[in-house]
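Q: Below you will find the structure I want to go over with you.
Number of protein chains: 2
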Amino acid sequence: MAEKDFIVTPWEVVGDVDYTELVKRFGTQEIDEALLARIKKHAPLHYMLRRKIFFSHRDLDWVLGEYEKGNKFFLYTGRGPSDDTHLGHLVPWIFTKYLQDSFGSKLYFQMTDDEKFLFKEKLSREETHSLAYENALDVIALGFDSKKTMIFADTDVIDFLYPHALEVAKKVTFSTAKAVFGFTNETNIGGIFFTSIQSVPAFIESIKQKKPVPCLIPHAIDQDPHFRITRDVAPKIGFPKPSSIHCKFLPSLKGSGKMSSSGSPDSMIYTTDSPEEVERKIMSAFTGGRDTIEEQKRLGGRPEICPIFSYYTFLFETDDEKLKEIEQQCRSGKLMCGEDKARLCERVKKFLAEHQKNREAARKQLSKFMAKKI
Amino acid sequence: MAEKDFIVTPWEVVGDVDYTELVKRFGTQEIDEALLARIKKHAPLHYMLRRKIFFSHRDLDWVLGEYEKGNKFFLYTGRGPSDDTHLGHLVPWIFTKYLQDSFGSKLYFQMTDDEKFLFKEKLSREETHSLAYENALDVIALGFDSKKTMIFADTDVIDFLYPHALEVAKKVTFSTAKAVFGFTNETNIGGIFFTSIQSVPAFIESIKQKKPVPCLIPHAIDQDPHFRITRDVAPKIGFPKPSSIHCKFLPSLKGSGKMSSSGSPDSMIYTTDSPEEVERKIMSAFTGGRDTIEEQKRLGGRPEICPIFSYYTFLFETDDEKLKEIEQQCRSGKLMCGEDKARLCERVKKFLAEHQKNREAARKQLSKFMAKKI
């Protein structure tokens with residue numbers, strides 16, 4: 001792999017991702033000004049749209065067109081429960097809540113406990129199933145509407161998913177799965193089949209209502225290969241192609257790549273981290289600062305490569321003016337990294353104190369959200 | 375394929391099967407006299423054992439050893455519901471009933487409606503599911519003990535099967551599945567995964583009783599590749615390897631190969647055939663007879679290549695002495711094919727009249743046998 005090259009698959013993100021290049025590789029569309037203006041007709045533009053954190057899509061224009069005709073879409077997103085939730089996971093979930101609130105959409109939230117069991121050598125079924133419920137607490141803590149939101153672990157509702165997954169699987173050859181996911185002869189046969197299960201939630205409302213219902217899938221762009229298959233198969237089995245809208249990855253505190261669970265635990269902040277852990281991780285993070293204070297004062301910092309600045313951008317400074325101020329202070333050399341980190345620390349700790357409270361309160365709401373039957 | 379060559383896979387049987395050669399290819403064991411003597415200690419030898427219709431096994435001696443120690447085995451067999459039941463299917467089922475009656479075994483009977491949907495281009499899920507119930511009538515009609523027998527369609531009990539199938543799938547690479555089943559890049563990803571589902575019933579009692587329970591699988595030898603995988607994976611996921619006992623195929627009335635549903639409908643007799651259809655199929659069947667009556671009288675018939683004689687052997691003459699008599703009459707040139715066919719016709723019609731009556735009566739018993747929950 002050349003130094004500037006990168007890999008993005010549903011199971012691996014390596015290198016510094018060039019998102020313009022990725023859009024070309026995956027064949028998605030960038031969200032342009034015209035599309036933003038169209039969204040703005042229905043809802044105030046979320047900062048993640050204004051900042052191009054959600055930057056790419058497939059057929060978002062179509063799903064909006066249907067909405068404008070009175071044909072409401074439902075939302076589908078999910079999580080692979082292989083570990084505790086980290087702040088990077090919250091990015092698409094917060095945006096999904098914005099979509100639910102703005103468009104009044106039903107949401108199906110899939111916890112792929114089966115997938116994580118199949119792809120993580122060391123995890124047992126019991127562990128991934130239990131993590132599904134732990135991760136669900138973070139979803140619920142964000143304030144989703146329980147009347148419009150159903151969360152499920154795949155193995156809990158497999159009676160519904162499996163028959164429809166068979167319909168998908170019948171239309172996907174190993175050859176296709178290999179090309180899309182990079183499978184080899186050593187991939188296990190469950191992993192090969194799994195994408196069929198991830199397709200099904202895109203059809204739930206069409207199945208339930210017995211008519212085509214548009215679906216919009218907000219997700220981090222690494223999951224796009226799955227939905228490429230879903231979109232290819234959908235019309236062959238009588239369903240509309242789901243639309244999708246894609247976000248970038250919250251960068252690693254170590255300065256490169258996705259905040260992936262396979263990376264070092266210090267490269268990311270878990271929603272369950274203590275204030276001390278938050279402090280330690282942030283204070284030891286990589287930044288866009290210079291080697292000496294003198295240099296930093298003279299040349300200014302580099303927010304474009306700084307994970308601390310990304311944390312503000314993705315999550316912790318939602319006011320555009322204030323974000324611009326931070327950026328200018330940094331670039332001008334007025335803001336030192338220590339100070340910048342300390343301020344972020346306070347915001348993250350404050351956020352997590354509140355989130356952890358909501359997360360514990362969510363335990364009582366689990367039964368309202370977690371479906372055993374679709 | 376050379377003229378004398380043959381292919382046996384779970385989905386295809388082509389050519390005249392050389393069973394001695396097949397045992398070598400598959401790596402199973404022939405059932406020898408010592409093993410027959412051991413079975414005889416517990417039960418009168420079934421004619422299918424005496425005649426080597428059930429001729430091959432894996433670890434049958436082990437499962438008998440466990441039985442002798444008081445560790446009872448349970449039975450597992452099944453059917454791929456792609457069509458109506460034909461007489462060839464009844465062969466292993468009749469033998470399974472003998473095992474249940476003789477050893478007091480529980481039986482799990484799997485209807486692989488998912489498999490048949492995945493492998494039969496033209497069948498819908500609704501069709502294979504409905505065929506599962508139609509085929510179950512034939513099983514019930516044979517007189518299985520409802521207290522000891524559970525029949526299920528995979529999609530009805532997938533909530534139980536799927537989590538355990540994941541355990542199997544995680545241990546099987548595409549490479550292995552390819553080698554065992556001859557899959558190609560064009561095989562669909564559901565077909566690749568399916569063998570995991572066929573493995574699970576071999577573990578049901580071990581799962582339910584939370585301790586290792588021996589399992590014996592009576593089946594036609596074409597299904598052996600599935601159970602080779604099951605046996606390979608079992609100890610890796612904490613279960614005993616199932617034992618198996620294998621039968622030959624009832625030959626086609628057209629004179630070659632397995633009575634496969636993919637062959638012509640005239641090459642086999644369905645359990646739902648009318649007396650007229652039975653007559654037409656048998657009277658137009660291939661035989662081991664000679665070209666002219668004169669020749670037949672002079673040289674005698676050839677029961678060894680005659681499907682009519684096979685029908686007597688497999689199903690319609692259970693008395694060894696009487697079977698020998700038929701064989702001698704045929705070989706000596708005393709018995710003409712027309713007469714032989716007419717007698718078989720009467721027996722098949724009589725059998726089917728009774729079976730069809732039991733089959734209809736079985737509709738009322740479906741709910742006692744068909745499980746929606748394991």
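Chains A and B supply the protein sequences, listed in that same order.
Each residue of the first sequence is one higher than the one before, starting from 1 at the first, in my numbering.
Each residue of the second sequence is one higher than the one before, starting from 375 at the first, in my numbering.
Even glycine gets a Cβ: it sits at the ideal position worked out from N, Cα and C.
Since we're looking at a predicted model, the values are computed, not measured.
Is there a Cβ of chain B sitting closer than 8 Å to that of residue 228/A, yes or no?
A: Start at 1 with the first residue of the first sequence, and residue 228/A comes out as number 228. Under the Cβ criterion of 8 Å, residue 228/A is not counted among the residues facing chain B.
Q: Suppose the cutoff is 6 Å on Cβ atoms and the five residues either side in sequence are ignored; what does the same chain contact list for residue 287/A look like?
A: As a first step, residue 287/A must be located in the first sequence, where it is residue number 287. Taken in chain order, the residues that qualify are 306, 308 and 337.
Q: Residues in the same chain with beta-carbon distance under 6 Å from residue 356/A, minus the five sequence neighbours each way, listed in chain order, please.
A: Locating residue 356/A in the first sequence gives position 356, counting from the first residue. The answer is none, since no qualifying residue turns up.
Q: Just to confirm my understanding: we take residue 742/B, look at its own chain, exclude 5 residues before and 5 after, and list those with CB closer than 6 Å. What are they?
A: Within the second sequence, numbered from 1, the residue matching residue 742/B stands at position 368. Only residues of its own chain outside the window of five on either side were considered, and among them 520 have a CB closer than 6 Å to the CB of residue 742/B, listed in chain order.
Q: Would you mind telling me which residues of chain B sit closer than 8 Å to residue 187/A, beta carbon to beta carbon, in chain order?
A: As a first step, residue 187/A is located in the first sequence; it is residue number 187 there, counting from the start. Per Cβ cutoff of 8 Å: 547 and 548.
Q: Would you kindly work out how many angstroms separate the C-alpha atoms of residue 481/B and residue 125/A, rounded to a whole number?
A: Counting from one through the second sequence, the residue named residue 481/B turns up at place 107. Counting from one through the first sequence, the residue named residue 125/A turns up at place 125. The alpha-carbon atoms of residue 481/B and residue 125/A are separated by roughly 27 Å.
Q: Under a Cβ-count criterion, where at least 16 other Cβ atoms within 10 Å of its own Cβ denotes burial, should residue 716/B be classed as buried or exposed?
A: Working through the second sequence from its first residue, we reach residue 716/B at position 342. The residue in question, residue 716/B, is exposed, as its Cβ has fewer than 16 Cβ neighbours within 10 Å.
Q: Give me, in chain order, the residues of the same chain whose beta-carbon lies closer than 6 Å to that of residue 137/A; leave out the 5 immediate sequence neighbours on both sides.
A: The count along the first sequence starts at 1 and reaches residue 137/A at position 137. Closer than 6 Å at Cβ, skipping near neighbours: 359 and 362.
Q: Does DSSP classify residue 503/B as helix, strand or coil?
A: Reading the second sequence from its first residue, position 129 is the one you call residue 503/B. Residue 503/B: helix per DSSP, three-state reduction.
Q: By a C-beta neighbour count over all protein chains shown, 10 Å radius and 16 as the cutoff for buried, is residue 185/A buried or exposed?
A: Taking the first residue of the first sequence as 1, we reach residue 185/A at position 185. With fewer than 16 other beta carbons inside 10 angstroms of its own, residue 185/A counts as exposed.
Q: Would you say residue 259/A faces chain B, with C-beta separation under 8 Å as the test?
A: Position 259 of the first sequence, counted from the first residue, corresponds to residue 259/A. Any reading at residue 259/A must be qualified, since the residue scores a pLDDT of 47, below 50, and its modelled position is unreliable; no value is offered.
Q: Name the residues in the segment 522-534 of chain B whose C-beta lies less than 7 Å from a C-beta of chain A; which are they?
A: 529, 532 and 533
Q: Output, in chain order, the set of chain A residues within a Cβ distance shorter than 8 Å of residue 492/B.
A: Taking the first residue of the second sequence as position 1, residue 492/B is located at position 118. When 8 Å is used as the limit between beta carbons, residue 492/B is near these residues of chain A: 166, 169 and 170, in chain order.
Q: Kindly say whether residue 177/A, judged by its beta-carbon, lies nearer than 8 Å to any beta-carbon of chain B.
A: Position 177 of the first sequence, counting from 1, holds the residue named residue 177/A. For residue 177/A, the nearest beta carbon of chain B is closer than 8 Å to its own beta carbon.
Q: May I ask you to list, following chain order, the residues of the segment 74-98 of chain A that have a beta carbon less than 9 Å from some beta carbon of chain B?
A: none
Q: Go through its chain and collect everything with a Cβ distance to residue 603/B's Cβ below 8 Å, but skip five positions before and after it.
A: One-based indexing of the second sequence puts residue 603/B at position 229. When the five nearest sequence neighbours on each side are left out, the beta carbons in the same chain lying within less than 8 Å of the beta carbon of residue 603/B are those of 542, 546, 550, 551, 554, 569 and 573, in order along the chain.
Q: Roughly how many whole angstroms lie between the Cα atoms of residue 231/A and residue 77/A?
A: Within the first sequence, residue 231/A is the residue found at index 231, counting from 1. Within the first sequence, residue 77/A is the residue found at index 77, counting from 1. Approximately 15 Å, taken between the alpha carbons.
Q: Return the CA-CA distance between residue 88/A and residue 251/A, expressed in angstroms with no decimal places.
A: As a first step, residue 88/A must be located in the first sequence, where it is residue number 88. As a first step, residue 251/A must be located in the first sequence, where it is residue number 251. When rounded, the distance between both Cα atoms is 8 Å.
Q: Determine which residues share a DSSP beta bridge with residue 99/A and list them.
A: What you label residue 99/A is simply residue 99 of the first sequence in a count that begins at 1. BP columns for residue 99/A are empty, so no partner.
Q: Name the chain B residues whose beta carbon is nearer than 7 Å to that of residue 163/A?
A: The residue given as residue 163/A occupies position 163 in the first sequence. Going along chain B in sequence order, the residues near residue 163/A (Cβ under 7 Å) are 499 and 529.
Q: Kindly indicate the opening and closing residues of the alpha helix (DSSP H) around residue 553/B.
A: Walking along the second sequence from the start, residue 553/B turns up at place 179. Run containing residue 553/B: 548-555, per the alpha helix (DSSP H) assignment.
Q: Hey, does residue 567/B have any beta-carbon neighbour from chain A nearer than 8 Å?
A: Position 193 of the second sequence, counted from the first residue, corresponds to residue 567/B. Yes, residue 567/B counts as interfacial toward chain A.
Q: How many Å lie between residue 325/A and residue 317/A at the Cα?
A: Along the first sequence, one-based indexing puts residue 325/A at 325. Along the first sequence, one-based indexing puts residue 317/A at 317. Looking at the two C-alpha atoms, the distance is approximately 11 Å.
Q: Using the beta-carbon of each residue, which ones in chain C are nearer than 7 Å to residue 114/A?
A: Of the chains in the structure shown, none is chain C; the protein chains are A and B.
Q: Can you check whether the CB of residue 218/A is closer than 8 Å to the CB of residue 303/A?
A: For the purposes of this step, residue 303/A is identified with residue 303 of the first sequence, where counting begins at 1. For the purposes of this step, residue 218/A is identified with residue 218 of the first sequence, where counting begins at 1. No; because the gap between Cβ atoms is not below 8 Å, this pair is not in contact.
Q: Give every residue of the same chain whose Cβ lies closer than 7 Å to the Cβ of residue 497/B, excluding the five residues on either side of it in the sequence, and list them in chain order.
A: Working through the second sequence from its first residue, we reach residue 497/B at position 123. The answer, listed in chain order, is 456, 490 and 491.
Q: Could you tell me which chain A residues have their CB closer than 9 Å to the CB of residue 684/B, listed as they occur along the chain?
A: On the second sequence, residue 684/B is found 310 positions in, with the first residue counted as 1. In chain order: nothing, as chain A lies at least about 36 Å away.
Q: When the distance is taken between beta carbons, is residue 330/A closer than 8 Å to residue 320/A?
A: Counting from 1 along the first sequence, the entry for residue 320/A is found at position 320. Counting from 1 along the first sequence, the entry for residue 330/A is found at position 330. Contact flag unset, no.
Q: Counting C-beta neighbours from all protein chains within 10 Å, is the total for residue 638/B 16 or more, i.e. buried, or is it exposed?
A: Against the second sequence, residue 638/B aligns to sequence position 264. Exposed, by the Cβ-count rule.
Q: Between residue 471/B and residue 516/B, which are expected to be in contact by the criterion C-beta below 8 Å, what is the C-beta distance as a whole number of angstroms?
A: For this step, residue 471/B is matched to residue 97 along the second sequence. For this step, residue 516/B is matched to residue 142 along the second sequence. Rounded, the Cβ-Cβ distance is 6 Å, consistent with contact.
Q: Would you mind working out which of 477/B, 502/B and 721/B sits nearest residue 416/B, comparing C-alpha positions?
A: Within the second sequence, residue 416/B is the residue found at index 42, counting from 1. For the residues 477/B, 502/B and 721/B, the minimum Cα distance to residue 416/B belongs to 477/B.
Q: If we count Cβ pairs, one from each stretch, closer than 8 Å, do we get three or more for the segment 612-627 of chain B versus the segment 579-595 of chain B?
A: yes
Q: Within this structure, are the beta carbons of residue 431/B and residue 402/B separated by less than 8 Å?
A: Counting from 1 along the second sequence, the entry for residue 431/B is found at position 57. Counting from 1 along the second sequence, the entry for residue 402/B is found at position 28. The answer is yes: Cβ separation under 8 Å.
Q: Consider the Cβ of residue 564/B: report whether some Cβ of chain A lies at a distance smaller than 8 Å.
A: Residue mapping note: residue 564/B aligns to position 190 of the second sequence, counting from 1. Yes, its Cβ sits closer than 8 Å to a Cβ of chain A.
Q: Within the continuous alpha helix (DSSP H) that includes residue 163/A, where are the two ends?
A: By one-based count along the first sequence, residue 163/A stands at place 163. Looking at the DSSP string, the run of the alpha helix (DSSP H) that includes residue 163/A is 158-169.
Q: Roughly how many angstroms lie between the CA atoms of residue 614/B and residue 575/B, to the nearest whole one?
A: The residue given as residue 614/B occupies position 240 in the second sequence. The residue given as residue 575/B occupies position 201 in the second sequence. Near 12 Å, if we compare the C-alpha coordinates of residue 575/B and residue 614/B.
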